[in-house]
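Number of protein chains: 2
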Amino acid sequence: MPADALSSALLPAGLHDVLPSEAAHEAAAVERLLAEFAAQGYRRVDPPLVEFEENLLSGPGAAMSKQTFRLMDPHSQRMMAVRADITPQIARIATTRLKNEARPLRLCYAGQVLRVKGSQLRPERQFTQVGVELIGALEAEADAEVVLLAVQALTAIGVPHLSVDLCVPTMVSRICAGLGLGEEEIRQLRGALDRKDAAAVAAVGGPAATLLESLMSASGPADRAMQALAALPLPEGAEKDRRRLTDTLALLRAAMPDLTVTVDLVEHRGFEYQTGLSFTLFSRAAGELGQGGRYRAGAQGEDRGEPATGFTLYMDTLLRAVPAAKAPGRVYVPHGSGWESARRLRAEGWVTVAGLAPVGDAAAEAKRLQCGHWLAGGDVKPVG
Amino acid sequence: MPADALSSALLPAGLHDVLPSEAAHEAAAVERLLAEFAAQGYRRVDPPLVEFEENLLSGPGAAMSKQTFRLMDPHSQRMMAVRADITPQIARIATTRLKNEARPLRLCYAGQVLRVKGSQLRPERQFTQVGVELIGALEAEADAEVVLLAVQALTAIGVPHLSVDLCVPTMVSRICAGLGLGEEEIRQLRGALDRKDAAAVAAVGGPAATLLESLMSASGPADRAMQALAALPLPEGAEKDRRRLTDTLALLRAAMPDLTVTVDLVEHRGFEYQTGLSFTLFSRAAGELGQGGRYRAGAQGEDRGEPATGFTLYMDTLLRAVPAAKAPGRVYVPHGSGWESARRLRAEGWVTVAGLAPVGDAAAEAKRLQCGHWLAGGDVKPVG
Numbered sequence: 001m002p003a004d005a006l007s008s009a010l011l012p013a014g015l016h017d018v019l020p021s022e023a024a025h026e027a028a029a030v031e032r033l034l035a036e037f038a039a040q041g042y043r044r045v046d047p048p049l050v051e052f053e054e055n056l057l058s059g060p061g062a063a064m065s066k067q068t069f070r071l072m073d074p075h076s077q078r079m080m081a082v083r084a085d086i087t088p089q090i091a092r093i094a095t096t097r098l099k100n101e102a103r104p105l106r107l108c109y110a111g112q113v114l115r116v117k118g119s120q121l122r123p124e125r126q127f128t129q130v131g132v133e134l135i136g137a138l139e140a141e142a143d144a145e146v147v148l149l150a151v152q153a154l155t156a157i158g159v160p161h162l163s164v165d166l167c168v169p170t171m172v173s174r175i176c177a178g179l180g181l182g183e184e185e186i187r188q189l190r191g192a193l194d195r196k197d198a199a200a201v202a203a204v205g206g207p208a209a210t211l212l213e214s215l216m217s218a219s220g221p222a223d224r225a226m227q228a229l230a231a232l233p234l235p236e237g238a239e240k241d242r243r244r245l246t247d248t249l250a251l252l253r254a255a256m257p258d259l260t261v262t263v264d265l266v267e268h269r270g271f272e273y274q275t276g277l278s279f280t281l282f283s284r285a286a287g288e289l290g291q292g293g294r295y296r297a298g299a300q301g302e303d304r305g306e307p308a309t310g311f312t313l314y315m316d317t318l319l320r321a322v323p324a325a326k327a328p329g330r331v332y333v334p335h336g337s338g339w340e341s342a343r344r345l346r347a348e349g350w351v352t353v354a355g356l357a358p359v360g361d362a363a364a365e366a367k368r369l370q371c372g373h374w375l376a377g378g379d380v381k382p383v384g
Numbered sequence: 001m002p003a004d005a006l007s008s009a010l011l012p013a014g015l016h017d018v019l020p021s022e023a024a025h026e027a028a029a030v031e032r033l034l035a036e037f038a039a040q041g042y043r044r045v046d047p048p049l050v051e052f053e054e055n056l057l058s059g060p061g062a063a064m065s066k067q068t069f070r071l072m073d074p075h076s077q078r079m080m081a082v083r084a085d086i087t088p089q090i091a092r093i094a095t096t097r098l099k100n101e102a103r104p105l106r107l108c109y110a111g112q113v114l115r116v117k118g119s120q121l122r123p124e125r126q127f128t129q130v131g132v133e134l135i136g137a138l139e140a141e142a143d144a145e146v147v148l149l150a151v152q153a154l155t156a157i158g159v160p161h162l163s164v165d166l167c168v169p170t171m172v173s174r175i176c177a178g179l180g181l182g183e184e185e186i187r188q189l190r191g192a193l194d195r196k197d198a199a200a201v202a203a204v205g206g207p208a209a210t211l212l213e214s215l216m217s218a219s220g221p222a223d224r225a226m227q228a229l230a231a232l233p234l235p236e237g238a239e240k241d242r243r244r245l246t247d248t249l250a251l252l253r254a255a256m257p258d259l260t261v262t263v264d265l266v267e268h269r270g271f272e273y274q275t276g277l278s279f280t281l282f283s284r285a286a287g288e289l290g291q292g293g294r295y296r297a298g299a300q301g302e303d304r305g306e307p308a309t310g311f312t313l314y315m316d317t318l319l320r321a322v323p324a325a326k327a328p329g330r331v332y333v334p335h336g337s338g339w340e341s342a343r344r345l346r347a348e349g350w351v352t353v354a355g356l357a358p359v360g361d362a363a364a365e366a367k368r369l370q371c372g373h374w375l376a377g378g379d380v381k382p383v384g
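If you read the protein sequences in the order shown, they are chains A and B. Read in UniProt numbering, the first sequence has 58 at position 58, and its numbers run on one by one without any break. Read in UniProt numbering, the second sequence has 59 at position 59, and its numbers run on one by one without any break.
Printed below as a string of structure tokens:
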């Protein structure tokens with residue numbers, strides 16, 4: 001929602017009142033998404049808006065430190081933080097309160113997050129995150145499940161022209177490490193790859209240059225990309241990433257043959273804390289709708305914590321891609337018609353708007369109150 | 001949810017993780033309440049979690065000042081406040097962004113609020129508020145509409161043994177002022193009435209003593225209370241309150257003859273900012289579920305701003321009174337059963353839990369994953 005002059009005077013930048021039709025639209029979409037998650041066994045949890053800073057910003061949460069508002073807790077005299085991301089909270093719940101629940105553990109959530117600064121792409125400082133986490137499963141089947149679930153849920157709420165971009169953000173570092181490149185060279189290469197700068201990749205790539213250039217040019221529609229990738233000689237560590245990509249894609253194809261899938265073999269940005277197969281969800285109409293991928297729940301580093309994957313959807317972008325449901329018809333029920341007659345209309349699916357005092361022209365009053373119909377005698381009549 | 005040892009170590013006092021079954025229970029109840037509000041023409045708005053302090057804590061919002069966390073906004077360099085109550089935000093939206101919408105304006109909301117301290121009665125520092133505001137209507141029909149809507153919505157989510165306690169928190173001051181008592185005497189009388197201390201009322205009541213004692217002893221079941229009230233000689237200002245109480249009760253009786261209604265003629269606590277007919281919603285099982293009443297939206301004082309009424313429900317108390325819906329059956333779908341067979345089961349209303357790898361004993365695996373059933377060949381079988 002673009003801030004109008006009035007709201008920008010009243011509210012801090014990046015914070016908005018969500019007004020009637022849009023608020024209902026968002027609420028309906030969130031509930032439908034959560035219903036899709038629940039239907040596949042994902043159970044809802046609701047962590048609090050605020051936690052102790054040291055818990056919320058440890059491990060993967062540390063990435064959001066600069067984006068996080070702090071509050072002093074007068075009760076404990078400790079600093080608290082307002083969540084800027086819900087994912088670390090779900091990982092915390094899974095690895096503490098629910099650590100004795102059977103694995104894989106399937107959890108989902110919806111809630112508000114608050115950030116210190118908006119970005120150019122997303123000026124909002126508060127938005128609704130909706131997502132799932134699948135904790136304790138290492139299989140490619142788990143990677144495929146969360147991608148398919150995201151696609152299924154987004155399709156259910158009416159997102160058109162959906163596509164999934166798969167990546168394995170660890171692959172480039174594994175290739176470089178396998179070919180003996182040092183940390184500083186890898187960092188420089190990352191920059192060049194992020195800019196899709198083939199000349200710079202060639203210049204600093206050393207023994208990895210040819211391979212990385214091939215990865216860059218192979219990125220695109222999934223089948224072509226995987227064919228090109230299959231022909232490349234990869235060091236051992238990266239071979240694991242290639243196998244996971246191949247297996248996951250096969251599972252996606254088997255479940256949803258018509259899904260548009262692309263593969264980006266050098267993608268890295270936005271996946272700094274991912275440890276394996278990752279993905280971005282796109283709609284041609286609205287751009288990026290959300291992202292997800294593998295991480296370690298409960299601790300950082302590849303061999304610590306529990307294997308986990310999941311995704312987060314950003315409702316602000318997403319709603320731009322989704323048509324609002326048709327609102328049910330509004331009937332003006334004139335003063336004195338009685339509670340029971342209004343109740344009957346609601347049971348038939350109407351929204352009733354009660355007249356609180358007698359009026360001369362009920363049809364005109366209905367129109368003034370944005371009702372398309374009014375109750376005349378016992379009949380619902382359209383407004384003139 | 002009582003904090004267990006683990007959560008109290010992890011989270012600040014009064015803040016909780018809402019765990020699976022409870023989170024779904026709350027979400028379903030909130031959505032059902034909002035659907036009931038929407039069916040009577042109340043449209044949802046979602047104000048932000050955070051606003052400029054000077055806006056959020058002006059007017060009726062000032063009451064929550066000590067309960068409100070502050071944040072510095074690095075963008076504007078102004079202080080922001082985390083909402084401790086949603087009602088003032090809805091009044092702000094109605095009188096600014098929606099000031100040109102037709103009156104009466106019907107709005108509803110659901111959201112989280114955060115408070116600096118819990119109370120003895122409600123140790124939680126974060127909870128969900130759900131409510132409605134009816135703005136721009138002076139009629140008794142408006143008072144009755146919000147009471148009836150609250151009752152209807154609470155009944156729809158299964159609250160048993162519901163009762164409504166009506167009061168007019170302005171009546172005592174109007175009686176005292178009408179009989180010439182000063183501010184200090186009124187303040188002392190308020191204290192005595194709050195303690196239901198008849199002796200103190202007699203001692204400090206002066207010319208109002210007899211009348212106030214009659215009001216105290218008349219409080220109780222509505223019909224008896226109203227009969228007693230009708231016989232009392234009231235000063236002019238209080239006469240208006242009596243008439244409103246009588247008219248509203250008559251409207252409630254006409255719509256819901258079986259509703260349990262009590263009247264408290266001296267109630268005042270918790271209604272400091274109310275300017276007319278007010279009410280508390282009770283369930284025998286869970287106690288106080290919410291409250292509401294008349295106020296002035298957009299400004300304080302009886303003759304400023306717009307006339308408004310509404311109510312707020314507290315989900316934490318409320319859920320204790322409401323049985324959770326039966327969860328749909330969970331079916332374990334063994335590895336290799338295929339996406340399509342799981343999809344078919346979901347279409348039949350099952351929750352599907354996919355096996356991510358082959359297992360020897362599918363029935364045992366189903367049980368381990370809290371599924372009551374598993375898919376064997378094409379058939380859903382109960383677990384052992």
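Quick reminder that beta carbons are idealized off the backbone N, C-alpha and C, glycines included.
Under the 8 Å Cβ criterion, the segment 283–290 of chain B counts as touching the segment 160–171 of chain B, having at least three qualifying pairs.
Put simply, of 153(B), 309(B), 86(B), 127(B) the residue whose alpha carbon is nearest the alpha carbon of residue 140(B) is 309(B).
Minimum Cα-Cα distance from residue 222(A) among the listed residues 243(A), 208(A), 56(A), 262(A) corresponds to 262(A). Residue burial is scored here from C-beta neighbours: residue 337(A) has at least 16 other C-beta atoms within 10 angstroms and is therefore classed as buried.
In this model, residue 14(A) and residue 113(A) are separated by some 12 Å (Cα to Cα). With its beta carbon less than 7 Å from one in chain B, residue 255(A) belongs to the interface. Distance between residue 234(A) and residue 207(A), taken at the CA atoms: about 12 Å.
The beta-bridge partner set that DSSP reports for residue 165(A) consists of 262(A), 280(A). Here residue 241(B) is buried, its C-beta having at least 16 other C-beta atoms within 10 Å. Contact check for residue 110(A) and residue 128(A): beta-carbon distance about 7 Å, within the 8 Å limit, so the pair qualifies.
Here residue 99(A) carries a coil assignment [DSSP, helix/strand/coil].
About 20 Å separates the beta carbons of residue 48(A) and residue 56(B), which is beyond the 8 Å limit, so they are not a contact pair. Taking a Cβ-Cβ cut-off of 7 Å, residue 233(B) has no neighbours in chain A, whose nearest Cβ is about 30 Å from it.
Close to residue 76(A), with beta-carbon spacing below 9 Å, are these residues of chain B in chain order: 12, 13. When C-alpha distances from residue 372(A) are compared across 382(A), 365(A), 364(A), 378(A), the shortest belongs to 382(A).
Under a 10 Å Cβ-count criterion, residue 115(A) is classified as buried, with 16 or more other Cβ atoms of the shown protein chains found around its own Cβ.
Secondary-structure assignment with DSSP links residue 373(B) through a beta bridge to 331(B), 382(B).
The C-beta of residue 227(A) comes no closer than 7 Å to any C-beta of chain B. By DSSP's assignment, residue 176(B) forms no beta bridge with any residue. The alpha-carbon of residue 75(A) is positioned some 25 Å away from that of residue 64(A). Under the criterion of beta carbons closer than 8 Å, residue 167(B) and residue 267(B) qualify as touching, at roughly 4 Å. Proximity of residue 45(B) to chain A, defined by a Cβ-Cβ separation below 7 Å, is satisfied.
Taking a beta-carbon distance threshold of 7 Å, residue 186(B) does not count as an interface residue toward chain A. Here the alpha carbons of residue 77(A) and residue 120(B) stand approximately 20 Å from one another. Residue 39(B) is classed as buried because its beta carbon has at least 16 other beta carbons within 10 Å across all chains shown. Excluding five sequence positions before and after residue 136(B), the CB atoms of its chain that fall closer than 6 Å to its own CB belong to 103, 104, 105, 306, given in chain order. Taking a contact to require three or more Cβ pairs closer than 8 Å, the segment 333–353 of chain A and the segment 25–41 of chain B qualify as touching. Boundaries of the alpha helix (DSSP H) around residue 216(A): 209–218. Residue 20(B): member of the alpha helix (DSSP H) spanning 20–39, first to last residue. Note on residue 312(A): 16 or more other CB atoms within 10 angstroms of its CB, so buried under the neighbour-count rule.
In this structure residue 227(B) is exposed. Its beta-carbon is surrounded by fewer than 16 other beta-carbon atoms within 10 angstroms. Annotated three-state conformation of residue 256(A) is coil, per DSSP. For residue 81(B), the three-state secondary structure derived from DSSP is strand. No Cβ-Cβ contact shorter than 7 Å links residue 153(B) with residue 288(B). Comparing C-alpha distances from residue 249(A) to each of 122(A), 384(A), 323(A), 144(A) shows the shortest one belongs to 144(A).
Between residue 194(B) and the set 256(B), 182(B), 230(B), 264(B), the nearest pair of CA atoms involves 264(B).
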